[in-house]
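Note sheet for the following structure.
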Amino acid sequence: MERGPRVPPPSQDPVRPRKDRDSLPAASCPRPCGRFDARPPPQSRRGRWLEASGIEVFHIMNLTDVDDRTIAAAVGKGVSLREHVDPFARAFEEDRDWLRIRPPHAQPRATEYVDAMIEVIQGLLDRGVAYKGEDGSVYFAIARFPAYGRLSQLDQRELRAGASERVSTDEYAKADARDFVLWKATRPEDEAVGAAWDAPFGRGRPGWHIECSAMALDLLRRRWGVDVLDIHAGAVDLIFPHHEDEIAQSCAYTGKDEFARVWVHGEFLDLAGTKMSKRYGNILTARDLREQGVDPGAVRHLLFNTHYRQKLDWSDTALSAAREGSARLGAFRDRLALAAGETDDPEAAAAADRFRTAFAAALDDDLNAPEALGALHVLVREGNRLLDEGRRLGPAVRAAWGLADEVLAVASSARARTVAAEALTVAEEDGIPVRPPEVPPADSADGEAWALRWAAVRATEKRKRNFAEADRIRDLLRGAGWEIRDRRDGAIDVVRDGR
RNA sequence: GGCGCCGUAGCCAAGUGGUAAGGCAGAGGUCUGCAAAACCUCGAUUCGUCGGUUCGAUUCCGACCGGCGCCUCCA
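Set out below in structure tokens:
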């Protein structure tokens, strides 16, 4: 078991398939449904990098669709659990896609794996590490699992029962205050929303911790016949107790020493210096950003600018810096697409080489995204310089860019539309270029055509040296969100302003 | 009280036992009718403070100051 996660470079273990999973709590609760108080899960970046390195990754992301809050919310709305959860799950997937996070290979829902959970719980009862409490619920007996606390270094903590005020008062059903619930005896409200199942040890519903273990184990065993994960990811706040409990129940059940070879814990996103949390009322959701028109590339740029194990303090200035950086990369992508030739200038090939080395070294070293991003900016600077000098960028640079884009996907999606000089003519009437309407079309889909027509008019006016009019048109377009850039070869770029 | 993290240029942020990536912002320059973009040049003798180890520490150790997280189902 490793903490302070340092994943072995892929090259050390090139063929073995890896199974990567994340425990993503509750499809019902705000967090997975678009909020990202924890970063977009680090395993999604790791997955991209491992895959780009030629390693097969199988990523499982659990959906907790049954827990106290989900049930309470469903009861409140008078709908079934499923009806309550589905919209959240869909919204979550939309936000995930918007953030360019790849879908997991499997996304099991807790309610569809209850049989697997019952099997694990029964196994734990059979092994004597679980017991049925007076309230009919089944608990895990921490005293029977000596390794408990290794991940969070709990063994070094003071384990006074009731050290925290949050425990102790009404936990009389447990033998030990630290024991956690595996199976909760059914309550009327559970039945009301369909959150109750029959089990040999009584009717009830699974506890949160067991869901993750049972789903992962079930998928791992059926697909590979193994019961240890290579990588287990999650946010730092899950280390204790959730991951600790997962380890306890999983290892007690499988008899293995570890549940995951490597634990990857992402730090939090802070807002105004404090953890983003409902408790503090400082929530920022992916949905919010989307509605503000923020480019997902900029969001990723900001996220990758800080190591995943480091807290990231979200601020408008940080976002705006990321937006600029992301736009610079997007502009280079467009430039490269137009300029790339069949061969690389030797200097360009060397730059691409340097980039590949630095990029791989950074990501192989515990996914050092900030350093990888730095390397990308160096490549872009050198590429831009060479293009300015009229040198050729070819397959080497294209491939280097492609790798970066595949793994980081941080470039702004705003694309420049380039119009060649010869295409910049417009019909004239009595020596005056025919103009499109001053007001941009309501339908944003027609916006580009409108902007391009105006750009052509401006080019015409410019040729006639009517600079005042040309400047007026540029301002008009800028007001409508379009940036015009004259190029040295006489062509123009029209860029949708992504801000 | 226990466990743990952080403090690097105006801002964000990597990193190394031998004197500090990258981005943003700013200044000057090239280019341009003017812009924008791009490129070039410029910024920490210094990495919270004070000690210690060392030939040498920002990097290791200790103390202190400041900020933050977790301590049994916020999920």
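Residue 823 in my numbering sits at position 437 of the first sequence, and the numbers go up by one each step.
Using N, Cα and C, we set each Cβ at its ideal position, and we do this for glycine too.
All values reported here derive from a predicted model rather than from experimental measurement.
Judged by their CB atoms, F587 and L511 are nearer to each other than the 8 Å cut-off.
When the alpha-carbon of V766 is set against those of W787, F690, E757, A502, the nearest one is in W787. Here A459 is actually not in contact with H445; their C-beta atoms are around 28 Å apart, not less than 8 Å. Annotated three-state conformation of A492 is strand, per DSSP. Closest in alpha carbon position to H687, among R860, H763, V796, is V796.
With a 10 Å radius around the Cβ and a threshold of 16 neighbouring Cβ atoms, T729 comes out exposed. Separation of T450 and I457 (C-alpha to C-alpha, rounded to the nearest whole angstrom) is 11 Å. Nearest C-alpha to V506 among A492, G519, Y525: Y525. Under the 10 Å beta carbon count, V825 is surrounded by fewer than 16 other beta carbons and is classified as exposed. Here L838 is not near V812, since their CB atoms are 8 Å or more apart. For L449, the three-state secondary structure derived from DSSP is strand. R476 has its alpha-carbon roughly 30 Å from the corresponding atom of Q696. Taking a C-beta distance under 8 Å as the contact criterion, S701 and G683 do not qualify as a contact pair. Annotation for A646: no alpha helix (DSSP H) segment contains it, though the beta strand (DSSP E) segment containing it runs 646-652. Going by beta carbons, A638 and F531 fall inside the 8 Å limit. By the criterion of a C-beta distance shorter than 8 Å, I596 is surrounded in its chain by M503, V506, I507, L568, W569, Q635, once the five residues flanking it on both sides are discounted. For the pair D613 and A600, the Cα-to-Cα distance works out to about 10 Å.
Between A602 and R591, the C-beta spacing is not below 8 Å.
In the DSSP assignment, R871 falls within the beta strand (DSSP E) that extends over 868-872.
For V650, the closest alpha carbon among the candidates D752, N448, G462, V793 is that of D752. Contiguous alpha helix (DSSP H) elements confined to the segment 768-796 occur at 781-793, taking only those with 4 or more residues.
Of the other Cβ atoms in all chains shown, fewer than 16 fall within 10 Å of the Cβ of W610; this residue is therefore exposed. Membership of P592 in the beta strand (DSSP E) is indicated by the continuous run 590-592. For T692, there is no enclosing beta strand (DSSP E), as DSSP marks it with neither H nor E.
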